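Trainee: Quick note: the sequence shown uses full-length UniProt numbering, first residue 1, plus one each step.
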Amino acid sequence: MKRVWSLTIVLVMALLNAVTAQNKTIPSKGFAVLAADGKFKPFEFNRHALGDNEILIETLYASICHSDIHHVHGDWGKEEFPMVPGHEIAGRVSKVGKNVTKFKVGDYAGVGCMVNSCGKCDFCKAGLEQYCKDVVLTYHDKDQFHDNEVTQGGYSNNIVLTENFAIKLPANTDMKKVAPLLCAGITTYSPIHYAQVKKGDKVGVAGFGGLGHMAVQYAVKIGAEVTVFDITEEKRADAKRLGAVKYVNVNNPEDLKGLDNSLNFIISTIPASYDPNIYLKMLKIDGQMAFVGLPPYAKMPIIPIDKLIWQGNRKVFGSQIGGIKETQEMLDYSIANNIYPEVEIIPATSKAIEVAYQNVLDGKVKFRYVIDMKTLK
Ligand SMILES: [Zn+2]
Ligand SMILES: [Zn+2]
1 MKRVWSLTIV LVMALLNAVT AQNKTIPSKG FAVLAADGKF KPFEFNRHAL GDNEILIETL
61 YASICHSDIH HVHGDWGKEE FPMVPGHEIA GRVSKVGKNV TKFKVGDYAG VGCMVNSCGK
121 CDFCKAGLEQ YCKDVVLTYH DKDQFHDNEV TQGGYSNNIV LTENFAIKLP ANTDMKKVAP
181 LLCAGITTYS PIHYAQVKKG DKVGVAGFGG LGHMAVQYAV KIGAEVTVFD ITEEKRADAK
241 RLGAVKYVNV NNPEDLKGLD NSLNFIISTI PASYDPNIYL KMLKIDGQMA FVGLPPYAKM
301 PIIPIDKLIW QGNRKVFGSQ IGGIKETQEM LDYSIANNIY PEVEIIPATS KAIEVAYQNV
361 LDGKVKFRYV IDMKTLK
């Protein structure tokens, strides 16, 4: 009998604990798509309770990356809904767990594409958490460190995550311009430095959108001679303004003449279907090409092996964002060198987000839409 009683007490305690933990969950609201139809609706949900090593960030700005659009439309395979996108987040710390040392309440913090990883594997140890098999993405992912809770992103009024994956933002920074650095910035900064691009190098930037216009600025800052490739006449002046020496409209055969074997490094940020082989031919001997734009899986560009063999001694690699340490380095570098995205601020409404998505798809954005989450009603 005594044993039954003690078992009952243990069970009741466990239940009470579960209920208290439940009560500590953090209410959040923002915008979600409920199906792959691209329609945003106001959405309320709960985030897990603040852990001892975690911080709660009130979102100030969240920007719109083309990969949000791919996810919303299911371009990269089956997605889970409801989905709150957003992995370029700038905000203010409103609560800290008891073991947090990196942030205090009132500090500014940024969040990019990841909120956690295993911390033990070779990739994590090398500062390449983005390749960890247990990485937890900022949204549309299962968080195995929190009972497989489905993560939700930055188109919302707050986010909770381990301090290790939050990026420190200096208080005197223009916060609305910082958000896009957390993905567009690091995704281009990382391969440019991995390829050791140097002063005087001839660099090609294929795709001149949110990522491309950051790549141009990083390469120009190093002292490279930059050629921009896109499929419109409308961005010619912008490329020059950001320091490119040449602009190539790929749809104009005249523009493409004389470019073979001319570039040391090419970064492709193109998020749609295209022929990568025209760029491979432009690489000099020992030249390198980095792919960072990820087109829909159904229309994935292909490089046949024979092309690599006949145009040997060029290197091709892919790159995905960058690790947390490098993201902080990129952020500090960008601010020190006054390198920022060009942004257009939109209010936090479903309608404004949907219009922005369409404009990105139509190539009309210059260069990043940023949602002012402070206007959320
Ligand atoms: Zn992104
Ligand atoms: Zn790992």
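The beta-carbon is built from N, C-alpha and C at its ideal position, and this holds for glycine as well. Since the model is a prediction, treat every value here as computed from it, not as a measurement.
1) Thinking C-alpha only, which one of Y357, L376, Y279 is nearest S67?
2) Could you tell me whether the Cβ atoms of V105 and V93 are closer together than 9 Å?
3) Give a single yes or no on whether E88 has its beta carbon closer than 8 Å to a heavy atom of ligand 1.
4) Mapping the DSSP letters down to three states, classify Y139 as helix, strand or coil.
5) Shortest alpha-carbon distance to M83 belongs to which of T101, D37, A219?
6) For ligand 2, is there any heavy atom lying closer than 8 Å to the beta carbon of F145?
7) Start and end of the alpha helix (DSSP H) containing R236?
8) Measuring only from the beta carbon, is H73 closer than 8 Å to any heavy atom that is part of ligand 1?
9) One question on the structure: do G312 and T269 come within less than 9 Å of each other, judged by their Cβ atoms?
10) Contact check, R47 vs S28 under 8 Å by CB: the rounded distance?
11) Taking only the alpha-carbon atoms, compute the straight-line gap between G77 and Y297 and give it to the nearest angstrom.
12) Shortest alpha-carbon distance to N172 belongs to which of H70, L259, K366, I335?
13) Can the beta-carbon of S156 be found closer than 9 Å to that of F43?
14) When the distance is taken between beta carbons, is T227 closer than 9 Å to V205?
15) Write down the C-beta distance between Y340 and P301 rounded to the nearest angstrom, noting that I regard them as a contact closer than 8 Å.
16) By Cβ distance, which residues of its chain are closer than 6 Å to L259, with the 5 residues on each side in sequence left out?
17) Locate the alpha helix (DSSP H) running through T187, then write down its first and last residues.
18) Which residue spans inside the segment 14-92 form an unbroken alpha helix (DSSP H) run of at least 4?
19) Go ahead and pull the three-state DSSP assignment for K364.
20) Tell me whether the beta-carbon of A90 lies closer than 9 Å to the beta-carbon of L182.
21) Are there 16 or more other CB atoms within 10 angstroms of the CB of P191, so buried, or fewer, so exposed?
22) Taking the CB atoms as reference points, tell me whether Y108 and E326 lie closer together than 9 Å.
23) Measuring only from the beta carbon, is T187 closer than 8 Å to any heavy atom that is part of ligand 1?
24) Need the endpoints of the alpha helix (DSSP H) that A244 sits in, please.
25) Run through the DSSP bridge pairs and tell me what T162 is partnered with.
26) Closer than 8 Å: is that where the CB of C113 sits relative to any heavy atom of ligand 1?
27) Quick check: the Cα distance between N252 and K102, rounded to an integer number of angstroms?
Mentor: On the basis of the coordinates in this document:
1) For the residues Y357, L376, Y279, the minimum Cα distance to S67 belongs to Y357.
2) Cβ distance < 9 Å, so V105 and V93 count as in contact.
3) Taken from the Cβ of E88, at least one heavy atom of ligand 1 lies inside 8 Å.
4) If DSSP states are grouped into helix, strand and coil, Y139 belongs with coil.
5) The option with the nearest alpha carbon to M83 is D37.
6) Judged by the Cβ position, F145 fails to qualify as a neighbour of ligand 2 at the 8 Å threshold, every heavy atom of the ligand being at least this far.
7) Counting along the chain, the alpha helix (DSSP H) containing R236 begins and ends at 236-241.
8) No.
9) Contact flag unset, no.
10) With a contact defined as Cβ atoms closer than 8 Å, R47 and S28 qualify at about 5 Å.
11) One C-alpha to the other measures close to 7 Å.
12) When only C-alpha atoms are compared, the closest one is I335.
13) Yes, they are a contact pair.
14) T227 sits close to V205, with the two beta carbons spaced by under 9 Å.
15) Their Cβ separation, rounded to whole angstroms, is 30 Å, which puts Y340 and P301 out of contact at 8 Å.
16) So the qualifying residues of the chain are M282.
17) Run containing T187: 184-194, per the alpha helix (DSSP H) assignment.
18) DSSP runs (the alpha helix (DSSP H)) wholly in the segment 14-92: 66-72.
19) In this structure, K364 counts as coil in the three-state DSSP scheme.
20) For A90 and L182, yes; Cβs fall inside 9 Å.
21) Counting C-beta atoms within 10 angstroms of its own C-beta, P191 has 16 or more neighbours from the protein chains shown and is therefore classed as buried.
22) Between Y108 and E326, the gap from beta carbon to beta carbon reaches 9 Å or more.
23) Answer for T187: yes, Cβ within range of ligand 1.
24) Unbroken run through A244: none, as it is neither H nor E.
25) Under DSSP, T162 shares a beta bridge with E54.
26) Yes; taking the cut-off as 8 Å, the Cβ of C113 has a heavy atom of ligand 1 nearer than that.
27) Going by C-alpha positions, N252 is about 51 Å away from K102.
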